[in-house]
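Engineer:
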Amino acid sequence: MSTSTGTITDEHQFFTGAFGLGIVLRPIGFVRHGYSDDFIRNTVGGVEGYIEILPEYADGLAMIEGFSHLIVIAYLDKVGEEARRVLRVRHRKLARLGVRIDDLPEVGVFATDSPHRPNPLALSIVKLLAVEGNKLRVSGLDLFNGTPVLDIKPYEPSRAIKEVETPWWYRELERRAREKLGAEGPL
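For the sequence shown, my numbering assigns the number 56 to the initial residue and increments by one for each residue that follows.
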């Protein structure tokens with residue numbers, strides 16, 4: 056398979072060769088809250104907690120107040136090597152919403168937000184409640200306590216997507232979940 060810069064194999068060799076052992080990323084902070092991993096895994100909508108920024112990166116928070124939402128990029132450090140080889144999964148978010156796991160189709164990992172993926176990165180959008188020194192108090196946090204945070208970006212209006220489409224199988228499963236929950240609107 057080719058890309059605009061060559062083959063995928065060539066690009067892989069560039070990254071592993073240019074960076075030695077691969078791409079090196081360092082956390083800028085960590086997720087902090089008092090909830091268990093099981094609670095976070097099974098919650099819908101996330102929890103309130105903190106993103107504690109390491110002191111050497113705290114100056115990067117200047118002027119972040121006033122943004123209502125933030126994009127958090129995190130490293131899912133609890134995903135093991137075996138889970139990183141998984142390429143097909145069942146969309147468990149919908150199972151948490153009441154759809155039977157056996158009714159969920161097996162889909163490619165890139166068609167889900169499953170933590171089981173070759174590069175276990177998370178992208179979460181959280182509501183910024185307050186800036187308290189080097190800590191961001193946020194809601195909608197769906198990451199485990201202690202999760203390394205790699206980057207934070209403000210959610211800007213220019214990022215908003217007005218018309219989002221999803222595949223037929225996803226819409227059908229959302230419909231079933233709404234029926235079970237008696238809910239309306241997006242899940």
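Glycine is no exception: its CB is placed at the ideal position from the N, C-alpha and C atoms. Owing to the predicted nature of the structure, the values given are computational and were not obtained by experimental measurement.
Would a C-beta distance cut-off of 8 Å place S194 and G101 closer than the cut-off?
Structural biologist: Result yes, Cβ atoms of S194 and G101 sit closer than 8 Å.
Engineer: By alpha-carbon positions, which one of R155, D168 and L184 ends up nearest to R231?
Structural biologist: Cα-wise, what sits closest to R231 is R155.
Engineer: Using alpha carbons as the reference points, say which of I108, E211, V204 and P175 lies closest to G135.
Structural biologist: Residue P175 is the option with its Cα nearest to G135.
Engineer: Would P222 be called buried (16 or more neighbouring beta carbons within 10 Å of its own) or exposed?
Structural biologist: Looking at its Cβ environment, which holds fewer than 16 other Cβ atoms inside 10 Å, P222 is exposed.
Engineer: Would DSSP call K182 helix, strand or coil?
Structural biologist: Three-state DSSP puts K182 in a strand.
Engineer: Can you tell me whether T98 is buried or exposed? The criterion is at least 16 other CB atoms within 10 Å of its CB, across all chains shown.
Structural biologist: So T98 counts as exposed.
Engineer: Since V144 contacts S169 with CB under 8 Å, what's their CB separation in whole angstroms?
Structural biologist: Going by Cβ atoms, the distance from V144 to S169 rounds to 5 Å, so yes, they are a contact pair.
Engineer: In this structure, how does DSSP classify I119 when only helix, strand and coil are distinguished?
Structural biologist: Three-state result, I119: coil.
Engineer: State the DSSP-derived secondary structure class of E187, mapped to helix, strand or coil.
Structural biologist: It is a strand residue.
Engineer: Are S196 and V86 close, meaning C-beta to C-beta below 8 Å?
Structural biologist: A small correction: the amino acid at residue 196 is Leu; Ser does not occupy that position in the sequence shown. Cβ atoms of L196 and V86: closer than 8 Å.
Engineer: May I ask you to list the residues that DSSP assigns as paired with G84?
Structural biologist: I108 and V204, per the DSSP bridge assignment.
Engineer: Looking at the secondary structure, which residues open and close the alpha helix (DSSP H) in which I216 lies?
Structural biologist: Unbroken run through I216: none, as it is neither H nor E.
Engineer: Please classify F199 as buried or exposed, where buried requires at least 16 neighbouring CB atoms within 10 angstroms.
Structural biologist: That one is buried.
Engineer: Rounded to whole angstroms, what is the Cα-Cα separation between D157 and L228?
Structural biologist: The straight-line gap from Cα to Cα measures roughly 12 Å.
Engineer: Indicate the three-state DSSP secondary structure (helix, strand or coil) for V164 in the structure shown.
Structural biologist: Here V164 sits in helix by DSSP.
Engineer: Count the other C-beta atoms from every protein chain shown that fall within 10 angstroms of the C-beta of R172, then say buried if there are 16 or more, exposed otherwise.
Structural biologist: With 16 or more Cβ atoms within 10 Å of its Cβ, R172 is classed as buried.
Engineer: Helix, strand or coil: how does DSSP classify F94 here?
Structural biologist: F94 falls in the helix class under three-state DSSP.
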